[in-house]
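> So that we are looking at the same thing, I have put the structure below in structure tokens.
Chains as they are written, first to last, in this note's numbering: chain H, 1 to 417; chain C, 1001 to 1395.
Following this line, the structure appears as structure tokens:
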């Protein structure tokens, strides 16, 4: 018993000393420890276990809320305010808290305390990645431009439009937060290009029904296909964002999952390209481009729609580029904005595969082709970003630039088919 | 077991758990989906295309020369690339036509965007060697060095200032200059510079602007047999934009840069300027503005540069030869403070009677930008009529 007692006293003394020196500035209470997967940060459990996706052991993480500049991720603060670098309004984010020492920044601790040299450990906030971008109620899902809120528009019947609002983990906002949102759904509007003004002809307020985790509006009876726009302000003083929804049929609530292994929502079945974003655009492109490194395996149940190889022949590449460009247009026309990145990235991959062929073009054709390929790459990524946030007008504008770039590339390379 | 023993054991257990958690923490990060890694793919691009400014001691507010330094700027990099703000002052069309049109190739652009959105992995290979900023004259020691007459101090509370210096050359006979350069004494605050020969600027005449200096850009020397005329006893007017980045807020910075001149041999052909500016013939429409000038003499066009930059504004210049043939010269978005002289790889021959037309276009790319880059409301429309361009020509 004596050795145990001695060890206990030593340990207790250590803890007391650390507590006295390490918490001298009266640190606030720490957020609780959760268990997560190193590869699937959207998996969150309250107790140790294994990841339901990759089966690796879960590791502890301390999650907290913070305020971050939407552009400068180094500007992260504990309270709301403006970015110290650019002055933009900070947006709420979820971070993991760790503590490090100057002498050994690679080692992260889950507690504040003292370093070997007696200095206080430095707190580090690490932004948590987004998890689930799938619709949860059979509707259309977008991410808000503030990179934190996520929305799902649902049109279950001719007179009802619902808007589910989630946080960055796809968790529904509580009623109190829903009531802070000012939103309406616009079913008819006109746009005057001369004055660049929009006039709403039919708009209906979105309100939070009692004991429901969504906003709802009773609208004039719609006919399918129906297009409607949610205009949402997430709080007083916040900018208003627009989200353009298109419904070819009434939304149907998916059947409840047989098992819910974690806080992560089950993936939507890959019945349409709209489900594809789960693979993340960045899993993308390059893997199928000859000479490029293969993408690391992504643990997901959704097949990668970009796994199709790029044609070897010039004519094959140009034909596929043309087809996929049309596919982008068709998806936009159907309002499937969240899916446009799939064919857009395919066009981008072909553009990159065409780059080595620039050297074989006559100088005039090369002058046109090289910037066209760059514009394809850039506008494909812009389409991906705009499709995520569901802004139809922006997607249309980018698509026009994307199409023009594709047309220029096809014309420049057409002579060498 | 006594009450005291139980308390001690409980404390030991708590301590053990606490120690256990500090041993193997959870490292939260984005899922790694990028096949490109910093060490293998991203670093070479950043070093070659961005490393002159984004290096320790450079003008950029952050170094991108190591994985640890670059990762925090991932989202910022993504937005700058999508907006085509970086690399700055790239041309919109036909980059191969120019000697100095820095830009990313389609593949490079895709590598960077894939990496910043795909978890910013570092890679398995060794870290790249440290990059040290070059502090020497890029073209070698100049024939004549002229320190600026005095030091400029940006006080702790001052962010930027433009200072104009008059620098006597002390030349007793005319000389011709094949290149002019500026070597900052403190590269963290010298943001842009113009080196000119003092005197009034004519619509057509010997070119007085010897250099439009930008950080990270080597001067382009004129080919043999060409030179900028520098009269005897002439003075240089050196205008320097000093600007601090946020990294040096509340710090006093001091600079005394040096001008370097590289002389051409003998008496070469003098480079002349042909200014293009709106006049009463200009065509104005709500979103575009066009003006033209007919060349009075045969000309070989060596370079073109905008004299001012307007935000959200595109400029296209093309020539129509007397036989009706159209020659595209340049398409560019001249951003304020990033004015560059674009040197053609091969001179463009334009015979007498050629019409050079400039179209200034209010940027229609604004609706394309990610919302986090655009300010609420319509972008302010600049005064398009204030655009000026200069062609550098020799007969």
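Don't be surprised by glycine CBs; every beta carbon is placed ideally from N, CA and C.
With 8 Å as the C-beta to C-beta threshold (strictly closer), list the residues of the stretch 361 to 380 of chain H near chain C in chain order.
From the stretch 361 to 380 of chain H, only 363, 366, 367, 368, 370, 371, 373, 374, 376, 377, 378 and 379 have a Cβ closer than 8 Å to chain C.
> Below 7 Å CB to CB, which residues in the same chain sit around residue 1166 of chain C once its five sequence neighbours on both sides are set aside?
As a first step, residue 1166 of chain C is located in the second chain; it is residue number 166 there, counting from the start. Contacts found: 1198, 1235 and 1237.
> Residue 1299 of chain C to residue 191 of chain H, Cα distance in whole Å?
Mapped onto the second chain, residue 1299 of chain C falls at position 299. Mapped onto the first chain, residue 191 of chain H falls at position 191. Rounded to the nearest angstrom, the two C-alpha atoms are 49 Å apart.
> Using a Cβ-Cβ cut-off of less than 7 Å, give me the residues of the stretch 149 to 180 of chain H that come near chain C, in sequence order.
So the list is empty, because no residue satisfies the distance condition.
> Taking the alpha carbon of residue 161 of chain H as the point to measure from, which residue in H/179, H/252, H/118 and H/235 has its own alpha carbon closest?
Sequence index remark: in the first chain, residue 161 of chain H carries index 161 (1-based). Answer by Cα proximity: H/252.
> Report the partner residues of residue 1314 of chain C according to the DSSP bridge assignment.
Start at 1 with the first residue of the second chain, and residue 1314 of chain C comes out as number 314. Note: residue 1314 of chain C sits in a beta bridge opposite C/1361.
> Got a sec, what are the start and stop residues for the alpha helix (DSSP H) residue 402 of chain H sits in?
Counted from its first residue, the first chain places residue 402 of chain H at position 402. 392 to 414 is the span of the alpha helix (DSSP H), which, as asked, contains residue 402 of chain H.
> Residue 329 of chain H lies in the alpha helix (DSSP H); which residues open and close that run?
Position 329 of the first chain, counted from the start, is the residue given in the question as residue 329 of chain H. Its alpha helix (DSSP H) spans residues 314 to 333.
> For the stretch 1103 to 1117 of chain C, which residues have a CB atom closer than 9 Å to at least one CB atom of chain H, in sequence order?
Result list: 1103, 1104, 1105, 1106, 1107, 1109, 1110, 1111, 1113, 1114, 1115, 1116 and 1117.
> In chain order, what residues of the same chain lie with their CB nearer than 8 Å to the CB of residue 325 of chain H, ignoring the 5 residues before and after it?
Walking along the first chain from the start, residue 325 of chain H turns up at place 325. Result list for residue 325 of chain H: 343, 347, 402, 403 and 406, in chain order.
> Which ranges does the alpha helix (DSSP H) cover as unbroken runs of at least 4 residues, wholly within the stretch 136 to 214 of chain H, from first to last along the chain?
DSSP runs (the alpha helix (DSSP H)) wholly in the stretch 136 to 214 of chain H: 175 to 178.
> Whether or not the stretch 1057 to 1075 of chain C and the stretch 1147 to 1156 of chain C are in contact is what I'm after, with contact meaning three or more pairs of Cβ atoms, one per stretch, closer than 8 Å; do they touch?
No: fewer than three Cβ pairs fall under 8 Å.
> Count the other CB atoms within 10 Å of the CB of residue 102 of chain H; is the residue buried (16 or more) or exposed (fewer)?
As a first step, residue 102 of chain H is located in the first chain; it is residue number 102 there, counting from the start. Answer is exposed; the Cβ neighbour count stays below 16.
> Residue 1094 of chain C CB to nearest chain H CB: under 7 Å?
Position 94 of the second chain, counted from the start, is the residue given in the question as residue 1094 of chain C. Yes, contact with chain H.
> Name the residues in the stretch 331 to 356 of chain H whose C-beta lies less than 7 Å from a C-beta of chain C; which are they?
Correct list: 348, 351, 352 and 355.
> Taking the alpha helix (DSSP H) that residue 1054 of chain C falls in, what are its first and last residues?
The residue labelled residue 1054 of chain C in the question sits at position 54 within the second chain. Per DSSP, residue 1054 of chain C belongs to no alpha helix (DSSP H) and is neither H nor E.
> Do you know offhand how far residue 377 of chain H's Cα is from residue 1192 of chain C's?
If you number the first chain from 1, residue 377 of chain H lands on position 377. If you number the second chain from 1, residue 1192 of chain C lands on position 192. Rounded to the nearest angstrom, the two C-alpha atoms are 30 Å apart.
> Determine whether the Cβ of residue 1082 of chain C lies closer than 7 Å to any Cβ atom of chain H.
Reading the second chain from its first residue, position 82 is the one you call residue 1082 of chain C. It does: the Cβ of residue 1082 of chain C has a partner Cβ on chain H nearer than 7 Å.
> Candidates C/1324, C/1213 and C/1332: which alpha carbon is nearest residue 1311 of chain C's?
Numbered from 1 along the second chain, position 311 holds the residue referred to as residue 1311 of chain C. Minimum Cα distance to residue 1311 of chain C is reached at C/1332.
> I'd like the list of long-range same chain contacts for residue 1142 of chain C, defined as Cβ closer than 6 Å, with 5 residues on each side in sequence excluded.
For the purposes of this step, residue 1142 of chain C is taken as the residue at position 142 of the second chain. Closer than 6 Å at Cβ, skipping near neighbours: 1260, 1261 and 1262.
> Any Cβ of chain C within less than 7 Å of the Cβ of residue 310 of chain H?
The residue given as residue 310 of chain H occupies position 310 in the first chain. Closer than 7 Å: no.
> Which residues does DSSP list as the beta-bridge partners of residue 1093 of chain C?
As a first step, residue 1093 of chain C must be located in the second chain, where it is residue number 93. Partner(s): none; residue 1093 of chain C has no beta bridge.
> Closer than 7 Å by C-beta to residue 1225 of chain C: which residues in its own chain qualify, once you throw out the five before and the five after it? Chain order, please.
Within the second chain, numbered from 1, the residue matching residue 1225 of chain C stands at position 225. Cβ neighbours of residue 1225 of chain C beyond the five flanking positions: 1268 and 1269.
> Starting from residue 382 of chain H, find everything on chain C with Cβ-Cβ shorter than 7 Å and list it in chain order.
The residue labelled residue 382 of chain H in the question sits at position 382 within the first chain. Result: 1082 and 1368.
> Leaving out five residues before and five after residue 1243 of chain C in sequence, what residues of the same chain have Cβ atoms less than 6 Å from its Cβ?
On the second chain, residue 1243 of chain C is found 243 positions in, with the first residue counted as 1. Here the set comprises 1160 and 1191.
> Verify the CB distance criterion: does residue 1343 of chain C have a CB-CB separation below 7 Å to chain H?
Translated into the one-based positions of the second chain, residue 1343 of chain C becomes position 343. Taking Cβ atoms only, chain H never reaches closer than 7 Å to residue 1343 of chain C, which makes this a no.
> For residue 1137 of chain C, which residues from the same chain have a beta carbon less than 8 Å from its beta carbon, with the 5 sequence-adjacent residues on both sides left out?
Translated into positions along the second chain, residue 1137 of chain C becomes position 137. Correct list, in chain order: 1181, 1183 and 1260.
> Is residue 1391 of chain C helix, strand or coil by DSSP?
Taking the first residue of the second chain as position 1, residue 1391 of chain C is located at position 391. It is a strand residue.
> By DSSP, does residue 1048 of chain C sit in helix, in strand, or in coil?
Sequence index remark: in the second chain, residue 1048 of chain C carries index 48 (1-based). Three-state DSSP puts residue 1048 of chain C in a helix.
> Let me know the secondary structure DSSP gives residue 33 of chain H once reduced to three states.
The residue labelled residue 33 of chain H in the question sits at position 33 within the first chain. Three-state DSSP puts residue 33 of chain H in a strand.
> Residues of chain H with CB under 7 Å from residue 1097 of chain C, in chain order?
The residue you call residue 1097 of chain C lines up with position 97 of the second chain. Per Cβ cutoff of 7 Å: 367.
> Do we get a CB-CB distance below 7 Å when we pair residue 1137 of chain C with the residues of chain H?
If you number the second chain from 1, residue 1137 of chain C lands on position 137. Residue 1137 of chain C does not count as touching chain H.
> Suppose the cutoff is 6 Å on Cβ atoms and the five residues either side in sequence are ignored; what does the same chain contact list for residue 1221 of chain C look like?
Sequence index remark: in the second chain, residue 1221 of chain C carries index 221 (1-based). Cβ neighbours of residue 1221 of chain C beyond the five flanking positions: 1178 and 1179.
> Could you tell me which chain D residues have their CB closer than 7 Å to the CB of residue 85 of chain H, listed as they occur along the chain?
Absent from the structure is chain D; the protein chains it does hold are H and C.
> Relative to chain C, which residues along the stretch 396 to 416 of chain H have a C-beta separation below 7 Å, given in chain order?
Cβ contacts with chain C come from 397, 398 and 401.
> What does the Cβ neighbour count give for residue 1257 of chain C, buried or exposed, with the cut at 16 atoms within 10 Å?
Residue 1257 of chain C sits at position 257 when you count from the first residue of the second chain. Classification of residue 1257 of chain C: buried, given that the 10 Å Cβ count is 16 or more.
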